[in-house]
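Report on one structure; see the data block that follows.
In the working numbering, the protein residues as written are 1 to 902.
Here it is, written out as structure tokens:
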């Protein structure tokens with residue numbers, strides 16, 4: 001039987017499936033179009049081709065549908081093995097974690113296992129972090145101790161410092177608390193060093209560093225500024241000679257043996273052109289501190305007279321405001337020069353004690369540079385005026401305020417020599433604030449006076465309740481090692497002084513400004529290293545700037561008797577190109593020459609705990625003892641006996657000089673060395689000084705013994721000036737506030753407090769939520785306003801960086817601390833508020849914020865009456881003279897503004 005498919009064309013091979021289809025179609029025509037055979041005959045049947053070739057495959061057979069069938073699989077065993085293995089590992093690890101002890105050899109095996117488990121269950125022990133790395137002063141001297149403080153959030157085993165190359169800086173580490181979280185690292189550099197030092201902490205044999213560093217500059221000790229001296233006038237027998245204060249009397253009394261003479265304060269009459277009597281050739285008016293009167297015999301030869309004026313000793317005490325026209329005397333005692341033959345029932349001739357003029361400690365010239373001295377020969381007359389009454393205020397600690405509670409110990413030094421059982425021979429007696437100045441001549445110091453109640457002079461005719469810029473003047477900028485500073489910083493309050501006609505003509509004021517009557521001079525130390533002088537009426541300069549060359553941050557303080565003495569503090573010593581001295585300055589405004597420089601750094605002539613040599617606080621002057629009081633960021637509390645000599649009577653050639661005696665107290669309790677820093681301004685009443693430090697210790701110091709009487713722990717840094725307020729019953733209240741700095745940063749609360757100034761006991765406290773800020777601007781940095789007149793029941797505080805942002809101005813009841821009203825501000829504010837009082841009895845508060853917005857509001861109810869946008873940055877505090885407010889900015893284009901209160 002023949003194959004029916006033998007004549008069919010071969011089927012395409014599997015390999016031909018991917019060949020060109022078009023060519024295959026040409027070779028194998030489609031079955032439905034196949035041509036007829038060439039031979040005639042019967043047509044061939046269309047059947048599939050035969051596949052009998054060796055490379056052909058038979059067509060697949062069509063298989064009918066069949067049911068699916070799978071052979072059962074055997075069960076898999078590996079998951080059970082794997083799960084069993086995991087369970088065994090978990091059991092073994094659990095036994096190691098819970099049973100094996102943490103110590104010993106097995107403990108070392110346990111550590112990696114425990115570490116993994118702790119991570120899994122969220123109980124991993126965190127690595128310690130460096131919370132704070134700081135030093136009180138990032139500048140130092142070779143051979144001196146440089147102490148760094150390292151604070152961590154968890155206990156660590158040790159600390160160290162490295163330089164930028166990773167080299168370990170050799171030093172001594174010491175844990176300052178039992179928790180081992182606060183450490184100090186002390187380094188003594190033998191060579192100069194400049195660069196960044198980094199902190200590292202040791203935890204479980206691993207040194208950890210998070211990159212926190214401090215730019216450090218260690219230099220060789222520098223010489224102090226040169227002594228500024230005034231050459232004596234050498235003409236005749238009397239010119240240029242200092243005259244000791246012994247009496248010239250018209251009748252020679254019989255010798256009387258008396259105790260050490262103790263003179264009283266003398267004052268001169270309103271120094272105006274119309275009511276000042278020119279000094280007669282026979283007489284010289286001498287003013288000295290109040291002590292017990294006495295008389296002395298005097299050789300008749302000393303009664304000789306001279307046509308030349310003599311140099312008088314010790315400061316004049318002005319009892320009335322120096323005006324350009326005569327005014328009636330409304331109180332106090334005044335006098336004019338008299339002939340020796342005249343007698344005055346109200347004046348007693350007394351002798352000045354021998355110790356009024358004393359030389360400074362020769363060993364302290366490196367740290368307390370002052371003018372030289374002249375010798376005394378002729379004895380001028382001394383007028384006795386009733387001294388200021390004794391304050392009658394005493395302070396003593398009670399249970400809970402003893403300094404021993406904080407392990408506080410203090411010592412008294414003159415130079416580097418400790419004074420055992422010190423007792424001051426010439427007591428300080430700071431009067432009540434209404435008697436701080438001898439005449440109502442302006443704003444003489446930060447917050448006005450020794451109570452720091454306000455920074456305004458005079459009442460205002462407030463009609464429209466508006467603020468408007470009257471004038472503005474440019475200030476400068478200065479590039480430092482940590483950036484460029486502009487204008488005036490915190491505290492930056494100007495002094496505003498109305499000078500007498502005689503002083504105005506004697507000082508180095510521009511001629512056109514000498515003709516201004518009256519001249520009210522604005523004095524501003526600024527961050528560009530200059531002290532500026534402006535006319536309050538138009539903002540024009542009144543004299544050349546005093547150039548210190550380094551940023552000045554304290555406010556200006558002027559002698560409250562109207563003498564031409566200016567004091568201010570320096571804030572920074574490192575510039576972009578050099579590092580210099582740092583300290584506190586006293587200048588003579590007759591000729592803009594330096595009278596005194598107090599070195600803020602540790603030296604062979606000064607011992608201190610803190611290394612920061614800045615002075616951000618402002619000085620007070622005690623006119624009853626011719627003394628100056630100032631606290632430094634080095635933690636030292638200074639009192640300076642000026643022993644000043646001022647020739648006011650010599651109208652054509654006035655001369656001023658001082659012979660300072662510098663004394664300081666060094667104290668410390670349970671605190672780090674840097675935290676003894678006194679950044680705020682001290683307050684004072686009677687013989688007691690009130691100071692606050694960075695730790696939060698508020699202290700009352702008896703200036704007679706320089707011992708701390710009582711101590712109150714406020715809980716954190718105090719920058720705002722301490723404010724005092726006498727009550728109707730004679731009690732003294734102390735108002736203070738804290739910043740959110742170190743000790744309260746986690747809790748985030750600033751505290752406003754009222755204390756009993758006699759005992760240090762807390763009367764009330766008010767907490768305000770505030771957020772910590774690295775720039776130390778959170779909390780109460782602005783100084784308060786103590787209400788007077790119609791708001792004598794209120795005290796006002798400004799709190800910056802409050803919870804929710806911005807700042808808050810609060811009015812509180814003085815007696816209870818209850819918040820009467822509060823006003824929120826959208827921007828932070830560290831500028832101090834100021835109160836102004838209208839002649840109709842209304843009281844207003846003016847507050848500036850950092851963005852240059854001034855708001856004026858009713859002090860009674862907090863209702864905002866007006867605002868003024870200066871479009872600048874403000875950290876400094878304002879001062880007000882009558883209806884003109886003066887405030888300086890710290891913007892890149894800094895200015896000082898005169899703003900009228902209308």
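By construction, the Cβ of each residue, glycine as well, lies at the ideal position given by its N, Cα and C atoms.
All values derive from a computational prediction rather than experimental measurement.
Is residue i helix, strand or coil when you go by DSSP?
{"i": "residue 601", "result": "coil"}
{"i": "residue 82", "result": "helix"}
{"i": "residue 309", "result": "Caution applies to residue 309, whose pLDDT of 34 falls short of 50 and renders its modelled position unreliable; the model cannot decide the point."}
{"i": "residue 525", "result": "strand"}
{"i": "residue 890", "result": "coil"}
{"i": "residue 111", "result": "helix"}
{"i": "residue 790", "result": "helix"}
{"i": "residue 619", "result": "coil"}
{"i": "residue 358", "result": "Reliability fails at residue 358, whose pLDDT of 32 lies under 50, so the model's placement of it is uncertain and the value that follows must be treated cautiously. If DSSP states are grouped into helix, strand and coil, residue 358 belongs with coil."}
{"i": "residue 89", "result": "helix"}
{"i": "residue 676", "result": "helix"}
{"i": "residue 119", "result": "helix"}
{"i": "residue 406", "result": "helix"}
Can you check DSSP and say which residues form a bridge with residue i?
{"i": "residue 756", "result": "733"}
{"i": "residue 764", "result": "754"}
{"i": "residue 457", "result": "881"}
{"i": "residue 811", "result": "796, 821"}
{"i": "residue 587", "result": "566, 594"}
{"i": "residue 515", "result": "For residue 515, which the question treats as bridged, DSSP gives no partner whatsoever."}
{"i": "residue 150", "result": "133, 183"}
{"i": "residue 906", "result": "With the chain running from 1 to 902 in the structure shown, residue 906 is simply not present."}
{"i": "residue 145", "result": "188"}
{"i": "residue 864", "result": "857"}
Since residue i and residue j are thought to touch, with beta carbons under 8 Å apart, how far apart are those beta carbons, to the nearest angstrom?
{"i": "residue 854", "j": "residue 867", "result": "7 Å"}
{"i": "residue 665", "j": "residue 628", "result": "That belief does not hold up - the Cβ atoms of residue 665 and residue 628 are roughly 15 Å apart, past 8 Å."}
{"i": "residue 487", "j": "residue 200", "result": "Between residue 200 and residue 487 the Cβ distance is about 39 Å, and since that is not below 8 Å, they are no contact."}
{"i": "residue 725", "j": "residue 786", "result": "5 Å"}
{"i": "residue 801", "j": "residue 773", "result": "5 Å"}
{"i": "residue 907", "j": "residue 826", "result": "Absent from the structure is residue 907, since the part of the chain shown begins at 1 and ends at 902."}
{"i": "residue 452", "j": "residue 882", "result": "About 21 Å separates the two Cβ atoms, so there is no contact after all."}
{"i": "residue 444", "j": "residue 495", "result": "6 Å"}
{"i": "residue 686", "j": "residue 391", "result": "3 Å"}
{"i": "residue 748", "j": "residue 708", "result": "That pair is no contact at about 30 Å."}
{"i": "residue 907", "j": "residue 447", "result": "This structure gives no information on residue 907, because the portion of the chain shown stretches from 1 to 902."}
{"i": "residue 397", "j": "residue 140", "result": "So it is not a contact: roughly 36 Å between Cβ atoms."}
{"i": "residue 903", "j": "residue 197", "result": "In the structure displayed, the chain extends from 1 to 902; residue 903 sits before or after that span and is not available."}
{"i": "residue 672", "j": "residue 186", "result": "Residue 672 to residue 186, Cβ: 12 Å. No contact."}
Can you tell me which of the options puts its alpha carbon nearest to the alpha carbon of residue i?
{"i": "residue 675", "options": "876, 736, 741, 658", "result": "741"}
{"i": "residue 751", "options": "737, 773, 813", "result": "737"}
{"i": "residue 678", "options": "109, 812, 716", "result": "716"}
{"i": "residue 134", "options": "86, 111, 183, 143", "result": "183"}
{"i": "residue 652", "options": "806, 512, 506", "result": "506"}
{"i": "residue 539", "options": "502, 493, 471", "result": "471"}
{"i": "residue 524", "options": "492, 516, 591, 446", "result": "492"}
{"i": "residue 479", "options": "588, 490, 575", "result": "575"}
{"i": "residue 541", "options": "530, 513, 397", "result": "513"}
{"i": "residue 517", "options": "530, 499, 531", "result": "499"}
{"i": "residue 753", "options": "745, 768, 746", "result": "768"}
{"i": "residue 622", "options": "612, 582, 643", "result": "643"}
{"i": "residue 862", "options": "190, 820, 745", "result": "820"}
{"i": "residue 704", "options": "503, 428, 673, 434", "result": "428"}
{"i": "residue 848", "options": "842, 841, 857, 840", "result": "857"}
{"i": "residue 603", "options": "829, 221, 119, 152", "result": "221"}
{"i": "residue 592", "options": "655, 617, 874", "result": "655"}
{"i": "residue 189", "options": "550, 145, 100", "result": "145"}
{"i": "residue 873", "options": "897, 865, 864", "result": "897"}
Does any CB atom of chain B fall closer than 9 Å to the CB of residue i?
{"i": "residue 629", "result": "Annotation note: the requested chain B is absent from the structure, which comprises a single protein chain."}
Pairs of beta-carbons, one from the segment 622 to 638 and one from the segment 603 to 611, closer than 8 Å: are there three or more?
yes
Evaluate the contact criterion for the segment 554 to 574 versus the segment 435 to 444: three or more CB pairs, one atom per stretch, below 8 Å.
yes
Sufficient close CB pairs (3 or more, under 8 Å) joining the segment 564 to 583 to the segment 694 to 702
no
Count the CB pairs spanning the segment 90 to 98 and the segment 171 to 181 that are closer than 8 Å, and state whether there are at least three.
no
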